[in-house]
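Trainee: One structure, pasted below without further comment.
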Amino acid sequence: MLTVLTTNTCTAACGHCTVHSSPQRRGRLSLETMTRVIDDLHEVSGLQVVVFAGGEPTLMKGSLLDAIAHCDARGIPTRMVTNASWATSDYAARKMVRTLREAGLAELNLSADDFHLPFISFDNIVRAWRASKGQGFLNVAIANCYGPQSKITPDFIRRELNEPDIEVRFDDQGSQTQPRAVSKDGSTYMLSNGLLQRIGRAREHVGDDDLFYPSSQAQLDMACPWAIRSAALAPSGHLVACCGIEAAGNEVLDFGEVLTQSPSSVAREAALDLLVNAISAIGPYRLLQLAQALDRSRTVTTRERYASMCEACEDLVRQPAAIAVLRKHSVVVGREVAAKLEREACLT
Ligand code: SF4
Ligand code: SF4
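Each residue of the sequence shown is one higher than the one before, counting from 17 in the numbering used here.
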């Protein structure tokens, strides 16, 4: 999977935005860069899906549609994540949805939660959702993240849409649910539910009581399924490990620029990096603990508790002291990674 972070300009500036998008930011990928990176990675790895996200991807107008059509022509399914700021009337919603389908978009994700509300009315989501019905999408999802204080939750959305039976994508443990019901029109309609986390801009705007915490921090001691396997193309033209945090410019998660270098060689090089492999194999929570245990100078800090694995990851990769101590003790880290991979190999 490749996520194309088309632009960091957004029609909103949500307080929980993990990638710091806003109307003031101006990063933007050219059509040429998007298609070159997609073609290169598809040839080498066979992309199963390309996700167009941002910022707000529809601000890219024609180049977004051309990039979607480019993937469609190569048989690569596409998904777009949008805040639906364009759905200001039923007419506008229908027009955008049809234009996206005609370009070949397969999956539509509409983002809705409390932090979008100061910028985008929930009515936009309702209009976009209704306009998407019967248009031939593979699936349409409302992506909703929430916490204990949230107004916009899966139950709220079901009530507002008057559709009490919309399935959720994840169960209470965060595992993908099966099977997904396909509606009569051939599309799957669902809620892609997740919990709020304090990363990116949320570090300043999301409070302790806005978050659900796992009953035990040991639940965060897990491998990251996205690092390496699910890279993102940042608006700056850098290939990064994931779209979970703003990774461009980060010493560990930024794999390098792909404007002048071959994207697949940059990805291959990154796949050899010890810390990227360690995040992928033993996970950032364990690595942060390891960094603290190995740090004689006591400069590596951790939060009292974490709500998610990505919170721990952001704390890890933003601390040069933690990275330095892990690289210095690469043999210890390497042993843990090897032991984990061996255990997995035995199980399979
Ligand atoms: S969360 Fe989404 S809609 Fe909000 S600022 Fe970030 S990219 Fe824009
Ligand atoms: S754990 Fe780190 S690498 Fe994995 S998705 Fe979260 S931020 Fe990205």
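Every residue, glycine too, gets a C-beta built ideally from N, C-alpha and C. Everything numeric in this text was worked out from a predicted model, so none of it was measured.
#1: What is the rounded straight-line gap between the Cα of Ser-37 and the Cα of Cys-26?
#2: Give the DSSP-derived three-state secondary structure of Val-184 in the structure shown.
#3: Sort out for me which residues DSSP pairs Met-206 with in a bridge.
#4: Determine which residues share a DSSP beta bridge with Asp-270 and list them.
#5: Whole angstroms is fine: what's the gap from Asn-293's alpha carbon to Pro-336's?
#6: Report back the beta-carbon spacing between Ala-147 and Ala-109 to the nearest angstrom; my notes put them in contact at under 8 angstroms.
#7: When DSSP labels each residue in this structure, what does Ser-38 get in the three-state scheme?
#8: In whole angstroms, what separates the C-alpha of Gln-192 from that of Asn-160?
#9: If the criterion is Cβ atoms closer than 8 angstroms, does the pair Val-341 and Asp-311 meet it?
#10: Could you tell me which residues DSSP pairs with Ser-127 in its beta bridges?
#11: Any heavy atom of ligand 2 inside 7 angstroms of the beta-carbon of Met-325?
#12: Indicate the three-state DSSP secondary structure (helix, strand or coil) for Val-53 in the structure shown.
#13: Between the segment 39-46 and the segment 219-228, do three or more beta carbon pairs fall short of 8 angstroms?
#14: Answer with buried or exposed for Ala-234, where buried requires no fewer than 16 other C-beta atoms within 10 angstroms of its C-beta.
#15: Starting from Phe-138, trace the alpha helix (DSSP H) in both directions and tell me its first and last residue.
#16: Kindly indicate the opening and closing residues of the alpha helix (DSSP H) around Met-112.
#17: Does the distance from the C-beta atom of Ile-95 to that of Gln-151 stay below 8 angstroms?
#18: Just verifying my parser: in three-state terms, what is the DSSP assignment at Met-96?
#19: Rounded to the nearest angstrom, what separates Leu-57 and Ile-244 at their Cα positions?
Mentor: In this structure, then:
#1: Whole-angstrom Cα-Cα distance: 6 angstroms.
#2: Three-state DSSP puts Val-184 in a strand.
#3: Note: Met-206 sits in a beta bridge opposite Ala-157, Glu-183.
#4: Per DSSP, the beta-bridge partners of Asp-270 are Val-256.
#5: Roughly 18 angstroms separates the two Cα atoms.
#6: Contact flag correct, Cβ pair sits at about 4 angstroms.
#7: DSSP places Ser-38 in strand when its eight states are reduced to three.
#8: C-alpha separation (whole angstroms): 15 angstroms.
#9: Less than 8 angstroms separates the beta-carbon of Val-341 from that of Asp-311.
#10: According to DSSP, Ser-127 bridges with Ala-159.
#11: Met-325: yes, Cβ under 7 angstroms from ligand 2.
#12: In this structure, DSSP gives Val-53 a helical state, which the three-state scheme calls helix.
#13: As far as the Cβ criterion goes, the segment 39-46 does not touch the segment 219-228, which means the pair count is below three.
#14: So Ala-234 counts as exposed.
#15: From DSSP, the alpha helix (DSSP H) with Phe-138 extends over 138-148.
#16: It spans 106-119 - the alpha helix (DSSP H) in which Met-112 sits, taken as one unbroken run.
#17: A small correction: the amino acid at residue 95 is Arg; Ile does not occupy that position in the sequence shown. In this structure, Arg-95 keeps its C-beta atom at 8 angstroms or more from the C-beta atom of Gln-151.
#18: Residue state, collapsed to three classes: strand.
#19: The alpha-carbon atoms of Leu-57 and Ile-244 are separated by roughly 13 angstroms.
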